[in-house]
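Protein chains in written order, with the UniProt record's numbering: chain X, 1 to 577; chain B, 1 to 383. Just so it is clear, CB atoms sit at the ideal spot from N, CA and C, and this is done for glycine as well. Below is one structure; the comments refer to it alone.
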């Protein structure tokens, strides 16, 4: 008889997420439901506020992709007010964005997704000498894999494992699971990189803080440009950026890249990782101005996995609906006109497979009703996958030379066919390829900034907001988790309506009115689970999307009032005009 | 003499702690330091820096070092409520070499959703067993505001659909100390800004236990780690201000130690972003800096191992460690001026004294600001 399996909380992500699947006697997932279990309401809070306050507030959507919302929110307001941002500011924004991509992707692989691929306990039985030699198979300049270094890593974690208190943060995971494929030596190499990456993420964060003041939540963008003019005019700070950038690029090229090659080699025969994905529609947006009118990544839409055709994005075709989301207005809405009224219906009583395999009483998702705080975004009525894989596929199919080269090299080195990119492995590999493209090319922007500063030191455009005029605008671009768009209407000098359609909403959204599933849910269907009490396969698929759930949840009004009825008390200085 | 008494008190506290059973005999900070290739000298250098950050006399350095070595005795439970994970990210950046990350490793981290390997039932089990095994002994750190009251269902966790409020309340019940990390758990944060659609609230509003607030959006890595050390040293709550913030970190205004303070006093102001004043590091007050109203040590500690901080990057402080700053601090890029600094309590916030002092000082300088502003305009270099 079919059984429910619930994974909640899904850890090692940003935010609160539940996956619930129905599994047949053969262990194959028949149906899947993914739910966000937290709502915060920032877009409601934005209403009535001064547009200049909004980018800093929208940045608080997420402390992981901490720069993404700040940048796209700023761009949305600049678009609405028709502001032309100085070239210097555009390039500095690119440099900060490079820092974010070079931070986010390695952290995702090593600290969030990594232990889905790497069995830490198995690393303890590795031969460090053999592992050290093996590292050269994947790169000529391995990092952190000297024999002595690997020995130390092994001893350190070994002590942990002997500890009667267990493995600390590594405790009680699915070690020894049948779908782990690395040899003990490969596990040890990756474990060493896990620890190394903990150090490197601090360097990457500093890279952003050089021009951004701090990370998380940098604070040097304003509507019109950037404020860090002293920093870009300071050669010592510029030098600091360059040196730290190169250190990070070295880690990406000589640890992250080879580890993914290693993963492709070992996992390309693991069915749960190579299972074809459920949604084969992809959308990505251009990003990374590295020179005048020159972007590193391309815009476009690919339908049904057809790489022979890349369509242009038509922004009018973007909608969100709430048929299975805890909001009242079900019909598809364009984000400029998005409404969100609450309709929390909760869970239903039932049972699911418990930790020891017995059925236990649980709260279950009611799949016939509403079941998530995430809406269902659609493009021309279709579910779409966004993310590094979409960006890489769009660039590859568009003939972007830089992208074609890294994809070609990767396929050649691993012997994986291009079709295999449409899988969990492909998604994880594409994230690394995107990080590599940034690491290999973002200093072009750095050099162009230096050249431009010789003749032009402008960093911020001036503007006025006419209280008698209505404005609307959007900021769209590619962020580490995929295509992000912020949509704003301004009226009477304050925010009239605000919507963010974010990557994790595209990927993690529930079913739509036609029963079409979003990428997470569609990907889980057909997955064979070896052990219902240790559903590692589910977690591995979900993690491959790099879920960012605080980003993905949408607005609503708890009292069921019309949103436009909010009257702002003049006492609240931040809200008054 | 006062120092001597304090020294003795701390020493006996540490003796007391050292008599507690270790969580693990195999590991100690100093041993790990050796393994990581750090010298004792480097470690003591770090302890010295920490001592001065905690505003203790330099003679206390050995005690701080001892406290750090005993950090592994403390089981830590970290909960995520309505949040953005920025505070966890800040913790991961912990300052100076990897020494702070050792402390992070060597606290017995029992539950932390962003970092832990376990998921689902196994994750829930880790939390429950830590709360049971270390009843009355674990440190609780909470990140995020808490959807509260009839709307607590805005956050549920686990197969039983438990609300965040319930989980936070239960975890608070038997914690040895409770730290609200970040402005969200300290004061409700961004989701609690008007009109607070989820009725998000501070951790202190859902538990009767004492809560130490470590606000900031996010707080710097040194404020998070420093607060923890303070607890280990004293075994009691640190001296707090009216908002339950540790005085050692939040005792001074940003403005008091600001690198651009001289520009403020000289009446040299950035008039708009990108102007000549901005290129020359003039004061950011007129483009909205809230440093004069904000209590935090950013101007001393900075962020990301001292890399920078908002004023250095030309932006100005937004007041993120103050309660309800999204609503109270006005427009980010306009000065508050000498207008009454409102709180949600009608100008009588729980730190009214500090508010009045802040406003008072600005009122005194307001005349100067006006005069200097005129001067700085006149003095504006030719294009």
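Nearest-angstrom Cα separation, counted from residue j out to residue i
i	j	result
residue 160/B	residue 435/X	39 Å
residue 102/B	residue 115/B	Per-residue confidence for residue 102/B stands at a pLDDT of 44, beneath the threshold of 50, marking its modelled position as unreliable; no derived number is given.
residue 218/X	residue 92/B	16 Å
residue 276/X	residue 423/X	5 Å
residue 363/B	residue 290/B	Its pLDDT being 42, under 50, residue 363/B is placed unreliably by the model, and the measurement read from it follows with that caveat. Cα-Cα distance, rounded: 14 Å.
residue 126/X	residue 68/X	40 Å
residue 522/X	residue 280/X	10 Å
residue 36/X	residue 553/X	7 Å
residue 127/B	residue 121/B	10 Å
residue 151/X	residue 270/X	29 Å
residue 407/X	residue 103/X	21 Å
residue 322/B	residue 307/B	23 Å
residue 319/X	residue 506/X	10 Å
residue 556/X	residue 41/X	For residue 556/X, the pLDDT reaches just 41, beneath the cut-off of 50, and the residue's location in the model is therefore unreliable, leaving the point undetermined.
residue 188/X	residue 428/X	20 Å
residue 442/X	residue 108/X	20 Å
residue 485/X	residue 386/X	12 Å
residue 59/B	residue 139/B	28 Å
residue 260/B	residue 204/X	27 Å
Pick from the options that is closest to residue i, judged by C-alpha positions
i	options	result
residue 514/X	159/X, 378/X, 224/X	378/X
residue 81/B	142/B, 129/B, 240/B	142/B
residue 123/X	383/X, 410/X, 497/X, 193/X	193/X
residue 110/B	134/B, 87/B, 278/B, 120/B	134/B
residue 112/X	508/X, 173/X, 301/X	173/X
residue 284/X	389/X, 239/X, 375/X, 317/X	389/X
residue 183/B	313/B, 325/B, 147/B, 11/B	325/B
residue 136/X	56/X, 255/X, 49/X	255/X
residue 91/X	458/X, 481/X, 363/X	458/X
residue 31/X	517/X, 542/X, 439/X, 212/X	517/X
residue 130/X	99/X, 184/X, 93/X, 94/X	184/X
residue 216/X	215/B, 220/B, 213/B	220/B
Which of helix, strand or coil DSSP assigns to residue i
i	result
residue 167/B	helix
residue 114/X	helix
residue 312/B	coil
residue 326/B	helix
residue 273/B	coil
residue 199/B	coil
residue 484/X	strand
residue 189/X	helix
residue 584/X	Since the first residue shown for chain X is 1 and the last is 577, residue 584/X is missing from the structure and cannot be characterised.
residue 171/X	coil
residue 4/X	strand
residue 34/X	strand
residue 376/X	strand
residue 5/B	helix
residue 438/X	helix
residue 158/X	helix
residue 277/X	coil
residue 174/B	coil
Rounded Cβ spacing between residue i and residue j (contact assumed at less than 8 Å)
i	j	result
residue 291/X	residue 85/B	Rounded, the Cβ-Cβ distance is 34 Å, inconsistent with contact.
residue 316/B	residue 230/X	Residue 316/B to residue 230/X, Cβ: 13 Å. No contact.
residue 342/X	residue 197/X	That pair is no contact at about 40 Å.
residue 547/X	residue 17/X	6 Å
residue 461/X	residue 212/X	Contact flag wrong, Cβ pair sits at about 19 Å.
residue 98/X	residue 394/X	Incorrect: roughly 19 Å between the Cβ atoms, too far for contact.
Any non-hydrogen atom of the ligand NAD within 6 Å of residue i CB
i	result
residue 228/X	Looking for the ligand NAD in the displayed structure turns up nothing, as the structure carries no ligands at all.
(request) Using a Cβ-Cβ cut-off of less than 8 Å, list which residues of the segment 347 to 358 of chain X approach chain B; keep chain order. (result) 347, 352, 354, 355
(request) Give the residues from the segment 458 to 486 of chain X that approach chain B closer than 7 Å (Cβ to any Cβ), ordered along the chain. (result) 458, 459, 460, 462
(request) Return the residues of the segment 221 to 243 of chain X that lie within a Cβ-Cβ distance of less than 9 Å from chain B, sorted by chain order. (result) 221, 222, 223, 224, 225, 226, 227, 228, 229, 230, 231, 233, 237, 240
(message) Taking beta-carbon pairs under 7 Å, can you tell me which members of the UniProt domain "Cytochrome-c3 hydrogenase C-terminal" (250 to 330) of chain B lie near chain X?
(response) In summary, the residues of the UniProt domain "Cytochrome-c3 hydrogenase C-terminal" (250 to 330) of chain B whose CB is separated from some CB of chain X by less than 7 Å are 272, 273, 274, 278, 279, 281, 303, 304, 305, 307, 308, 309, 310, 312, 313, 314, 315, 318, 326, 327, 328, 329, 330, in the order they occur in the chain.
(request) May I ask you to list, following chain order, the residues of the segment 104 to 126 of chain B that have a beta carbon less than 7 Å from some beta carbon of chain X? (result) 108, 109, 112, 113, 114, 115, 116, 117, 118, 119, 120, 121, 122, 123, 125, 126
(request) Using a Cβ-Cβ cut-off of less than 8 Å, list which residues of the segment 156 to 172 of chain B approach chain X; keep chain order. (result) 156, 157, 158, 159, 160, 161, 164
(message) So if I threshold CB-CB distances at 7 Å, which residues from the segment 183 to 198 of chain B count as touching chain X?
(response) 190, 191, 193, 194, 195, 197, 198
(message) Under 9 Å, CB to CB, which of the residues in the segment 95 to 112 of chain X have a partner in chain B?
(response) Contact residues of the segment 95 to 112 of chain X toward chain B are 107, 111, 112 (C-beta to C-beta distance below 9 Å).
(request) Report the residues of the segment 76 to 93 of chain B with a CB closer than 9 Å to any CB of chain X, ordered along the chain. (result) 80, 81, 82, 83, 84, 85, 86, 87, 88, 89, 90, 92, 93
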